[in-house]
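As structure tokens, the structure follows; a few thoughts come after it.
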Amino acid sequence: AGVVQRVVIRREPARAALLRAHGIEPVELDFGGAFDFTTRPALRREIAAFAPDVVLSWMSRAARAVPKGDFVHVGRLGGYYDLKYYRGCDHLIGNTEDIRDWIVAQGWPRERVHYVPNFVDAEPQPAAERGRHATPADVPLLLALGRLHENKAFDVLIDALARVPGAHLWIAGEGPLDGVLKTRAQRAGVAERVHFLGWRRDAPALLAAADVLVCPSRAEPLGNVVIEGWAHRRPVVAAAAKGPAALIADGRTGLLAPVDDAAALALAINRVLGDRPLRESLASEGRKEYEASFTERAVVARYLDLFRRVTA
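When the sequence shown is numbered by my numbering, its final residue is 1805 and no position is left out of the sequence of numbers.
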């Protein structure tokens, strides 16, 4: 795209290795707390040496560490963060339309606040083997992805599963509620149909094995999981938290159920499982939505267009 860039990241070996694998040599800094006295001067030196037209800072620690300079500072938010850390920014990006509108509601001029979504890699993988997780090949399989945290509402999904006869559920993630959720499955009488897979890096393989992707979150500002389902042509059923509700056209690109309503969630899941034309239509329309707005090419094009406009 004719863009020369320098990448400065918080120290994390896995992320640094991934960047190097794609031909980018990152500069690694601490981006620590109040007693980190090295990051700011080091970042100042990197920026001065590189002399960029645009500095794009991701999240609060990066935004507050960027010095003033002869460049356009664009801050990118992936949530409803304290905007005091972004006072030094010239423009802000929200990665959902709701975050963008929230920033404007906090007093930022609308012309300096922009929406650029995340993208999802749609590279397919061979389907994960159901047999490795005690899941018969001929049963409906639901998939849920995310941290085992209260916000993700996997407790509601487990209760819903009790109303979805014969279906199995894979939950891919780890977190503080692991034991609580396993107990919940026992009490709901579905322990033999719920399979906790732990943290996984092969979401495409899991999606390829599943019949329906379910996002039951009670608090979900982004909805990236929805986009993953679309990218891999899986019908999506979601609770109507902010992120999924903003993305899904109910009945066209997915089905929405009220938050914290296991009965309604089960009704939506059963509707999808019992209607093959609906499953195929939801998957097809979701894929169209992905291709229109959430591919790497589409999102990079939006970033480049934004950079051109703010430096014009």
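C-beta atoms are modelled at their ideal positions from N, C-alpha and C, and glycine is treated no differently.
Proximal residues to P1560 (C-beta, below 6 Å), its chain only, five neighbours per side dropped: Here the set comprises R1537.
Residue(s) in a DSSP beta bridge with G1767: BP columns for G1767 are empty, so no partner.
Where the alpha helix (DSSP H) through Y1796 begins and ends: Start and end: E1789 to T1804.
Rounded straight-line distance, which links the Cα of A1731 to that of L1634: Computed Cα separation, rounded: 15 Å.
Assumed close pair L1670, E1643 - CB separation to whole angstroms, cut-off 8 Å: That pair is a contact at about 7 Å.
Inter-residue CB distance, P1728 and R1764 (contact presumed, cutoff 8 Å): In fact, because the Cβ distance is near 10 Å, the residues do not count as touching under 8 Å.
Outcome for K1735 when other beta-carbon atoms lying within 10 angstroms are tallied against a minimum of 16: By the 10 Å Cβ count, K1735 comes out buried.
The region 1511-1523 in contact with the region 1563-1575 per 3-pair CB rule at 8 Å: no
For V1657, the nearest candidate out of A1785, Y1574 and L1766 (CA to CA): L1766
Cβ neighbours of E1622 in the same chain (closer than 8 Å, five flanking residues each side left out): A1702
Candidates V1496, E1590 and D1583, of which the one nearest Y1573 by Cα: E1590
Own chain residues within Cβ distance below 8 Å of A1620, not counting five before or after: A1698, A1701 and A1702
Closest residue to I1592 among R1603, D1583 and C1582 (Cα-Cα distance): R1603
Residues bridged to F1689 [DSSP beta-bridge criterion]: I1664
Start-to-end residues for the beta strand (DSSP E) that takes in S1710: Segment: none, S1710 is in no beta strand (DSSP E) and carries neither H nor E.
The region 1689-1696 touching the region 1660-1676, judged by at least three CB pairs closer than 8 Å: yes
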